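Novice: Mind having a look at this structure? Questions to follow.
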Amino acid sequence: MPVIIIVIIIATALHWAVQGSSDSLMFLFSSVITLVAVVVVYFNSATSVQSSTNSDEEHASAQNSKDGAVDGLLINTHEQFATHFSGAQEDLGQVQTLLSDAISKLLGSFDGMHNLIREQRDVALTVAGNNGEGGDDDAALKDHLEETSETLKALVGSIINNSKTGIELAEKMESVSQQVHGILAVLGEIDSISKQTNLLSLNAAIEAARAGEAGRGFAVVADEVRKLSSRAEHFSKQIRGNVTMVNGAIMDAEAVINRMASLDMAFALQSKQRLDVVLNKVQQVNKTMSTVIDKQSEISAKVDDVVGAAVTSLQFQDMVSQLLQHSVQRIDCMHSAWTSMGEVAKQEQSGVSISHQQVERVTQDIAAVFERAEHLSSKNPVRQEQMSSGDIELF
Amino acid sequence: MAKTILSVDDSSSIRQMVAFTLKSAGYEVVEAADGQEGLDKAKQKTVDLVLTDQNMPRMDGLTLIKTLRALPNYRSTPILMLTTESGDAMKMQGKAAGATGWLVKPFDPQKLLEVVKKVIG
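Protein sequences, first through last, are from chains G and F. Per the numbering used here, the first sequence starts with residue 410, numbered consecutively. Per the numbering used here, the second sequence starts with residue 18, numbered consecutively.
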């Protein structure tokens, strides 16, 4: 008997020590020890009740006084236990609610993050003009660039040809100018002939005057020849003036054509260089964009993996929740057993004696409750000890 | 047209995760919180696949599978069990009841999608 009392004292102390703490398992542990101790005490005293009928009056009186103290302790402990069983169950329920709420919100966040990343990737693909289902549009952009490049090259080629033609034209002009110089030289010859003819007509007029009357007719001829030479000189001057003007115009035209040809050529060459630079840049931009999009898709795929891993891990809530539920059921079993015990203790304290049948019934009730607890132990719904993804089996 | 999947689980977070995974792959998802509600939803609209938990209030997964298999519309519909239960005896019961496959929680979203694709395309 003293051993039992010591066990009760230790268990009660332990029970009170953890009462303030939120550690449900410690509470459970101390409760179980106390429960075992009190059950032993109770059955010990119940047996004593039966045996007391055969004892003498004095012994019975002492026994009744001791039983009353034990019953008081039993009822007090019973009430405390009932409160804390309920408290532990409430705590576990609260843990489940908190977990469920937190996981739901976490999942919402992951879902949002996942959707935003996908949206970002889609926007990048739209910017690149690529629908993400193949490189058709990308190839079209390349073709378009190459076509533009070819067209511009042809245009530059055409401008260069025009310049070359201009230079040829300028060369022709120079040749025409040389021909004009030839004409002017010929005109000089005509001038000289005209001067010589004038001199001859003057000599003829002198000779005609010396011949007197006989030379009068010759004098008329000589005068006509002088007039012819004078007209020839006049025409020669006119032709020289016109040809000189033509030459000046040709020289001007040649200068304009030369300037035009060199300007076109310079512009065409500059354009070609600029075009090459622009095309190069466009190709670089295109390449950078492709790299960015590839990277974006890569990141998106990685985020999918990470979110997937998070979803797998977050399922701990379902497993923990089932385990907590299981614990709640186990506590419920102990609560039931404890309630049966408490009723008997109250009955005894109120002075109503306990029959053998009643002890039998309570024993059976408690045995049934423990059987239920045993059954629960064998039917733990969660056996996983790690959060790696579970097996998949197709039948 | 998108295929419809019925997700039956008493844990709202698991339903949320299953729906999140399947919807992101383009499936339509109908949710039910226990076997009885699952049965009612399955009767309301014929679905292409049923994904059910085992331990649930009112009606458990095995009973749901047996009840569905008795209906003309669900004789050959794929039904997958998604549960924490991993014992061979339990799996055999599932197979006998008419389950198409058994997936042990926690599930990997990618693997779940692979299995779903395998059974309904």
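Think of the CB as a built atom: it goes at the ideal place given N, C-alpha and C, for glycine as much as any other residue. Quick caveat: nothing in here was measured; it's all calculated off a predicted structure.
For residue 508(G), I'd like the list of residues in its chain whose CB is within less than 6 Å of its CB, leaving aside the five on either flank, ordered along the chain.
Specialist: Closer than 6 Å at the Cβ level, and outside the excluded window around residue 508(G), lie 726.
Novice: Please list, in chain order, the chain G residues whose beta carbon lies closer than 8 Å to that of residue 31(F).
Specialist: Those are 724 and 727, listed as they occur along chain G.
Novice: State yes or no: is the beta carbon of residue 523(G) nearer than 8 Å to at least one beta carbon in chain F?
Specialist: Closer than 8 Å: yes.
Novice: Would you kindly report the start and end of the unbroken beta strand (DSSP E) that includes residue 22(F)?
Specialist: Note, residue 22(F): beta strand (DSSP E), 21–25.
Novice: Give me the chain F residues within the contact set of residue 730(G), using Cβ-Cβ distance strictly less than 7 Å, ordered along the chain.
Specialist: Within 7 Å Cβ-Cβ: 28.
Novice: Taking a contact to mean a Cβ-Cβ separation below 8 Å, would you say residue 501(G) touches residue 736(G) in this structure?
Specialist: Cβ atoms of residue 501(G) and residue 736(G): closer than 8 Å.
Novice: Give me the subset of the segment 781–801 of chain G whose CB atoms are less than 7 Å from a CB atom of chain F, sorted by chain position.
Specialist: Going along the segment 781–801 of chain G in chain order, one finds 790, 791, 792, 793, 796, 798, 799, 800 and 801 with a Cβ nearer than 7 Å to chain F.
Novice: Anything in chain F within Cβ reach of residue 512(G), meaning under 7 Å, just list it in chain order.
Specialist: Ordered by position in chain F, the residues that pass the 7 Å Cβ test against residue 512(G) are 30.
Novice: Specify whether the segment 76–96 of chain F and the segment 681–697 of chain G touch according to this definition: at least 3 beta carbon pairs, one from each stretch, less than 8 Å apart.
Specialist: At 8 Å Cβ cutoff, the stretches do not touch.
Novice: Can you tell which of 523(G), 595(G), 675(G) and 755(G) has the C-alpha that lies nearest to the C-alpha of residue 645(G)?
Specialist: Comparing Cα-Cα distances from residue 645(G) to each of 523(G), 595(G), 675(G) and 755(G), the minimum goes to 595(G).
Novice: Chain F beta carbons: is any one of them nearer than 8 Å to that of residue 700(G)?
Specialist: Chain F contact via Cβ: absent.
Novice: Hey, quick one: how far does the alpha helix (DSSP H) through residue 629(G) stretch, first residue to last?
Specialist: Residue 629(G) -> alpha helix (DSSP H) spans 625–723.
Novice: Mapping DSSP to helix, strand and coil, what is residue 743(G)?
Specialist: In the structure shown, residue 743(G) sits in a helix (DSSP, three-state: H, G or I).
Novice: For the pair the segment 653–668 of chain G and the segment 616–629 of chain G, tell me if three or more CB-CB distances fall below 8 Å.
Specialist: The answer is no - the segment 616–629 of chain G does not touch the segment 653–668 of chain G, with fewer than three Cβ pairs under 8 Å.
Novice: Assuming residue 743(G) and residue 494(G) are in contact, meaning their beta carbons sit under 8 Å apart, how far apart are those beta carbons, in whole angstroms?
Specialist: About 7 Å separates the two Cβ atoms, so the contact holds.
Novice: Counting C-beta neighbours from all protein chains within 10 Å, is the total for residue 593(G) 16 or more, i.e. buried, or is it exposed?
Specialist: Its Cβ having fewer than 16 others within 10 Å, residue 593(G) is exposed.
Novice: On the three-state DSSP scale, how would you describe residue 422(G)?
Specialist: Any reading at residue 422(G) must be qualified, since the residue scores a pLDDT of 46, below 50, and its modelled position is unreliable; the value itself is stated next. Helix, per DSSP.
Novice: How far does the beta strand (DSSP E) with residue 118(F) in it extend, from its first residue to its last?
Specialist: Taken as a continuous stretch (DSSP letters only), the beta strand (DSSP E) holding residue 118(F) covers 118–121.
Novice: My output table needs one value for residue 48(F): the three-state DSSP class, helix, strand or coil.
Specialist: Of the three classes helix, strand and coil, the one that applies to residue 48(F) here is strand, per DSSP.
Novice: Quick one: does residue 62(F) have its CB under 8 Å from some CB of chain G?
Specialist: No, because no Cβ of chain G sits closer than 8 Å to the Cβ of residue 62(F).
Novice: For residue 112(F), would you say it is in contact with chain G, using Cβ-to-Cβ distances shorter than 8 Å as the test?
Specialist: By this cut-off, residue 112(F) is an interface position.
Novice: Find the nearest neighbour of residue 585(G) within the set 563(G), 597(G), 625(G) and 663(G), judged by alpha-carbon distance.
Specialist: Comparing Cα-Cα distances from residue 585(G) to each of 563(G), 597(G), 625(G) and 663(G), the minimum goes to 663(G).
Novice: Checking the sheet assignment: what are the DSSP bridge partners for residue 67(F)?
Specialist: Answer is 23(F) and 96(F).
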